[in-house]
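Asks: Here it is, the structure in full.
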């Protein structure tokens, strides 16, 4: 094997592998079996013999037939995103317009409210300072107007507002004393007297 090529040093690993896999007559086994306890897998056993190459014309014909029977499948679109539209936006009379420019500190993110002139699927025509302007619904937010009629008005007569006056003959102010008893930590009892604010009185 070394004489078959000029670069015999490149074949030395293969020759050494042959020595290790060769059967020793005096031992009845290979030298590899003495070291590892089992035989080596030779390079020829790694590969399965392939069939002879087919005719290129037949290969091209089979490839063409296979490609003709392929069925393309539609790809999933990732660019379409459903936009949430509030139901009140379809029937509100006024809207807020989002400010997309760079806002100053403490500046509100929305301007308005502005009255709606005309509606379409993607754009609303809004009256901004007397100018009809078409704005995308992505920048709009429905405005809820305060209904004045919902405010509860309670009217009381003068008789209901006038406080109840306690009438006494002398016309003096009467102080009511509130006496309450408390228990201290030692178990004793003491009384605390609190004076309530005087009630308004009216002379007879």
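Numbering (UniProt numbering), first residue to last: 1 to 204.
For glycine and all other residues, C-beta sits at the position ideal for the given N, C-alpha and C.
1. Checking 8 Å against the spacing of the C-beta atoms, do residue 119 and residue 110 come in under that value?
2. Helix, strand or coil for residue 98, going by three-state DSSP, please let me know.
3. Quick check on DSSP: helix, strand or coil for residue 139?
4. What three-state label does DSSP hand residue 134 in the structure shown?
5. To the nearest angstrom, how far is the alpha carbon of residue 42 from that of residue 29?
6. Name the DSSP bridge partner or partners of residue 123?
7. One question on the structure: do residue 20 and residue 40 come within less than 8 Å of each other, judged by their Cβ atoms?
8. Can you grab the Cα-Cα spacing for the pair residue 116 / residue 76, in whole Å?
9. Taking residue 143 and residue 94 to be in contact with their CB atoms under 8 Å, please state how far apart those CB atoms are, rounded to whole angstroms.
10. Helix, strand or coil: which one does DSSP assign to residue 115?
11. Looking at C-alpha atoms only, which residue of 138, 131, 32, 17 is the closest neighbour of residue 90?
12. What do you get for residue 199, buried or exposed, if any count of 16 or more other CB atoms within 10 angstroms of its CB means buried?
13. Using a Cβ-Cβ cutoff of less than 6 Å, which residues in the same chain neighbour residue 88 once the five nearest sequence positions on both sides are dropped?
14. Tell me residue 29's beta-bridge partners as DSSP assigns them.
15. Taking residue 135 as the reference, give the member of 128, 124, 145 with the closest Cα.
16. Alpha carbon to alpha carbon, how far is residue 112 from residue 96?
17. Taking DSSP's pairing of strands, which residues face residue 15 in a bridge?
Replies: Let me lay it out:
1. For the purposes of this step, residue 119 is identified with residue 119 of the chain shown, where counting begins at 1. For the purposes of this step, residue 110 is identified with residue 110 of the chain shown, where counting begins at 1. No, Cβ-Cβ distance for residue 119 and residue 110 is not below 8 Å.
2. Taking the chain shown and counting its residues from 1, one reaches residue 98 at position 98. Strand.
3. As a first step, residue 139 is located in the chain shown; it is residue number 139 there, counting from the start. Three-state result, residue 139: helix.
4. To locate residue 134, count along the chain shown from 1; it is residue 134. Residue 134: strand per DSSP, three-state reduction.
5. Locating residue 42 in the chain shown gives position 42, counting from the first residue. Locating residue 29 in the chain shown gives position 29, counting from the first residue. Cα to Cα, residue 42 sits roughly 16 Å from residue 29.
6. Within the chain shown, residue 123 is the residue found at index 123, counting from 1. 136.
7. Your numbering for residue 20 matches position 20 in the chain shown. Your numbering for residue 40 matches position 40 in the chain shown. In contact: residue 20 and residue 40 (Cβ atoms closer than 8 Å).
8. Translated into the one-based positions of the chain shown, residue 116 becomes position 116. Translated into the one-based positions of the chain shown, residue 76 becomes position 76. Distance between the alpha carbons of residue 116 and residue 76: 37 Å.
9. To locate residue 143, count along the chain shown from 1; it is residue 143. To locate residue 94, count along the chain shown from 1; it is residue 94. The Cβ separation is near 4 Å, so the contact holds.
10. The count along the chain shown starts at 1 and reaches residue 115 at position 115. Strand.
11. For the purposes of this step, residue 90 is taken as residue 90 along the chain shown, with counting starting at 1. Here the closest residue by C-alpha is 138.
12. In the chain shown, counting from the first residue as 1, residue 199 sits at position 199. Confidence at residue 199 is low in this model, with a pLDDT of 49, below 50, so its placement is unreliable and no value can be given for it.
13. Indexing the chain shown from 1 puts residue 88 at position 88. So the list reads 142, once near-sequence residues are dropped.
14. On the chain shown, position 29 is the one that residue 29 refers to. In the DSSP output, where bridge partners are listed per residue, residue 29 has 24.
15. Here residue 135 refers to the residue found at position 135 when the chain shown is read from its first residue. Of the listed residues, the one whose Cα sits closest to residue 135 is 124.
16. Working through the chain shown from its first residue, we reach residue 112 at position 112. Working through the chain shown from its first residue, we reach residue 96 at position 96. So the alpha carbons of these two residues sit roughly 5 Å apart.
17. Reading the chain shown from its first residue, position 15 is the one you call residue 15. In the DSSP output, where bridge partners are listed per residue, residue 15 has none listed.
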